[in-house]
Ligand code: AMP
Ligand code: ZN
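What follows is the structure in structure tokens.
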């Protein structure tokens with residue numbers, strides 16, 4: 032069965048379901064903008080876990096929340112990301128939320144990420160949060176601050192810091208994670224569960240503590256407890272959520288359940304693009320639709336992500352996307368994804384069970400493809416089995432485009448130039464072919480082409 036790295040115990044642990052189904056909670060998108068390819072890497076992680084369990088007969092109950100209120104921008108003047116974007120686009124914040132939520136589902140579908148069983152919205156879970164906050168106050172884990180906001184008392188939770196290693200004694204006042212608008216708290220590491228509205232008028236609700244809105248961390252505790260119960264097998268998110276988001280979530284949840292509620296904390300490393308962090312401020316943000324606009328199959332992104340272990344930082348480049356796109360087409364053309372009968376392929380299963388070693392599975396497919404000792408039927412059985420988790424649609428029929436005679440001639444000339452190691456001529460022809468709308472990919476087996 033699947034073994035996966037648990038951030039809290041800093042060890043690889045077997046996934047053991049506490050009930051009939053394996054329960055997974057994956058922190059969802061903040062729907063104030065389109066998800067970028069980095070966010071999608073994290074969303075793919077829960078799909079890989081789920082599919083790996085499913086091919087071994089497990090049923091999975093995956094819940095992924097929609098954060099549509101309360102996620103504040105880390106800024107000197109913190110603002111709710113939703114409200115800031117609503118102002119920018121001059122439309123209602125709920126309209127912003129529904130628009131980007133719809134785009135999120137489109138992206139997931141294009142990436143063959145199976146839908147979660149439920150997608151609770153924070154804005155529709157306010158009552159649940161009120162109940163949870165009231166319980167935390169009753170248990171003396173939370174208090175109403177001098178500014179009317181409700182805060183969690185970090186010092187009331189003895190094992191604070193277990194996930195991230197950030198123990199309270201080491202957290203100094205004025206840390207980056209602290210919001211400057213949380214002036215009414217008693218201790219610098221406390222955080223707001225319910226924020227008093229002040230002069231904010233949109234996305235606010237009445238509550239036993241006055242008009243306000245929820246803090247981001249309490250949302251996930253409330254929604255996960257409601258939909259998955261007191262014990263959750265796996266909790267997934269990007270590495271940046273380890274602290275403070277997951278640390279705070281754990282404190283809130285465990286304080287009411289009096290259990291170690293999450294059995295496994297799984298964090299995906301970040302994705303860089305062309306060597307740089309993705310950030311709006313530097314204009315380095317790539318969306319799935321940018322790939323599609325350049326003529327790439329959206330699954331070429333899934334392909335690239337699979338070639339990297341989820342726990343390593345990876346650098347995505349346009350070149351790697353182009354290469355993935357070409358290999359994807361070659362694999363589909365081979366027909367290996369179409370086996371009607373297949374058995375589990377042990378090396379594939381072992382690699383997946385070993386902390387989702389998808390690069391090893393991809394490597395296996397590359398060597399199986401070339402292996403002259405295997406029949407096409409044997410190759411197809413392996414490809415088809417692996418594709419249940421890889422989900423690259425390897426069985427998809429590929430329509431081979433007709434190549435205009437002129438381009439066919441240039442391609443043949445380039446093949447000759449390449450065999451003669453006449454690289455300058457081969458490069459010149461490549462540029463000519465690309466200008467004519469072809470995508471050229473040089474592989475160990477020769478040049479591959481496609482129409483853009
Ligand atoms: P957000 O929509 O900002 O709430 O983020 C959604 C998810 O994407 C969270 O789990 C983040 O940890 C994750 N995430 C943010 N940036 C990246 C990145 N560059 N690479 C991978 N995951 C990311
Ligand atoms: Zn969360």
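In this note's numbering, the protein residues as written are 32 to 483. Where a beta carbon is used, it is the ideal one built from N, C-alpha and C, also for glycine. As the structure is a computational prediction, the values presented were derived from the model and not from experiment.
Any heavy atom of ligand 2 within less than 5 Å of residue CB: hits in chain order:
58, 251
In the DSSP output, which residue or residues are listed as bridge partners for residue 260?
According to DSSP, which records beta bridges pairwise, residue 260 is partnered with nothing at all.
Nearest neighbour of residue 187, chosen from 194, 218, 176 [CA to CA]
218
Three-state secondary structure (DSSP) at residue 240?
Under the three-state reduction of DSSP, residue 240 is assigned to coil, being neither helix nor strand.
Could you round the C-beta distance between residue 367 and residue 414 to whole angstroms and report it? I think they count as a contact, below 8 Å.
4 Å
Is residue 298 helix, strand or coil by DSSP?
strand
Should residue 450 be labelled buried (16 or more other beta-carbon atoms within 10 Å of its own) or exposed?
exposed
Just reading off the beta strand (DSSP E) that residue 150 is part of, what are its end residues?
Where residue 150 is concerned, there is no enclosing beta strand (DSSP E), given that its DSSP letter is neither H nor E.
Within 10 angstroms of its Cβ, does residue 75 collect 16 or more other Cβ (buried), or is it exposed?
buried
Where are the beta strand (DSSP E) runs, 3 residues long or more, that stay fully inside the segment 311-355, in chain order?
Fully enclosed beta strand (DSSP E) runs of no fewer than 3 residues occupy 345-347 of the segment 311-355, in order along the chain.
Nearest to residue 27 by alpha carbon, out of 163, 202, 474?
Look at the range of the chain in this structure, 32 to 483, and you will see that residue 27 is not part of it.
With distances taken from CA atoms, which of 142, 417, 374, 373 is nearest residue 394?
Minimum Cα-Cα distance from residue 394 among the listed residues 142, 417, 374, 373 corresponds to 417.
Proximity winner among 412, 48, 251, 55, relative to residue 93 (alpha-carbon distances):
Ranking the options by Cα distance to residue 93, first place goes to 55.
Whole-number beta carbon distance between residue 300 and residue 273, since they are thought to touch under 8 Å:
About 11 Å separates the beta carbons of residue 273 and residue 300, which is beyond the 8 Å limit, so they are not a contact pair.
For residue 266, the nearest candidate out of 257, 296, 420, 256 (CA to CA):
Comparing alpha-carbon positions, the option among 257, 296, 420, 256 lying closest to residue 266 turns out to be 296.
Residue 193 beta carbon less than 8 Å from that of residue 344
no
Can we say the segment 44-52 touches the segment 76-92, given the rule of at least three CB pairs closer than 8 Å?
yes
Starting from the Cα of residue 168, find the closest Cα among 138, 225, 126 and give me that residue.
225
First and last residue of the beta strand (DSSP E) that includes residue 37?
34-37
Three CB pairs or more closer than 8 Å across the segment 135-152 and the segment 223-238:
The segment 135-152, when compared against the segment 223-238, does not touch it at the 8 Å Cβ threshold.
Does DSSP classify residue 57 as helix, strand or coil?
strand
Applying the criterion that 16 or more other CB atoms from any shown protein chain within 10 Å of the CB defines a buried residue, is residue 314 buried or exposed?
With a 10 Å radius around the Cβ and a threshold of 16 neighbouring Cβ atoms, residue 314 comes out exposed.
Take residue 213 as the anchor and find which of 350, 349, 68, 107 has the nearest alpha-carbon.
107
Can you tell me which residues form a DSSP beta bridge with residue 103?
111
Which two residues bound the contiguous alpha helix (DSSP H) that contains residue 444?
436-450
Residue 103 Cβ short of 7 Å to ligand 1 heavy atom set:
No, since every heavy atom of ligand 1 falls outside the 7 Å radius drawn around the Cβ of residue 103.
From 176, 480, 206, residue whose alpha carbon lies closest to that of residue 364:
480
Return the Cβ separation of residue 322 and residue 362 in integer angstroms, given the expectation that the two are a contact with Cβ distance under 8 Å.
Wrong, their Cβ atoms sit about 18 Å apart, outside the cutoff.
Residue 479: first and last residue of the uninterrupted beta strand (DSSP E) it sits in:
477-482 is the extent of the beta strand (DSSP E) around residue 479.
Closest residue to residue 145 among 69, 464, 79, 370 (Cα-Cα distance)
Selection 69, 464, 79, 370 evaluated against residue 145 yields 79 as nearest (Cα-Cα).
Contact belief for residue 57 with residue 269 at Cβ below 8 Å, rounded distance in angstroms:
Contact flag wrong, Cβ pair sits at about 10 Å.
Segment limits, beta strand (DSSP E) that includes residue 405
Here residue 405 belongs to no beta strand (DSSP E), and DSSP marks it neither H nor E.
For residue 456, collect the residues of the same chain with a Cβ closer than 7 Å to its Cβ; drop the 5 residues on either side in sequence, then sort them by chain order.
Excluding residues up to 5 positions away in sequence, 448 lie with their Cβ nearer than 7 Å to the Cβ of residue 456 in the same chain.
Is there at least one non-hydrogen atom of ligand 1 closer than 7 Å to the beta-carbon of residue 299?
Flag set: Cβ of residue 299 near ligand 1.
Can you grab the Cα-Cα spacing for the pair residue 477 / residue 349, in whole Å?
21 Å
What is the residue span of the alpha helix (DSSP H) that residue 133 lies within?
124-141
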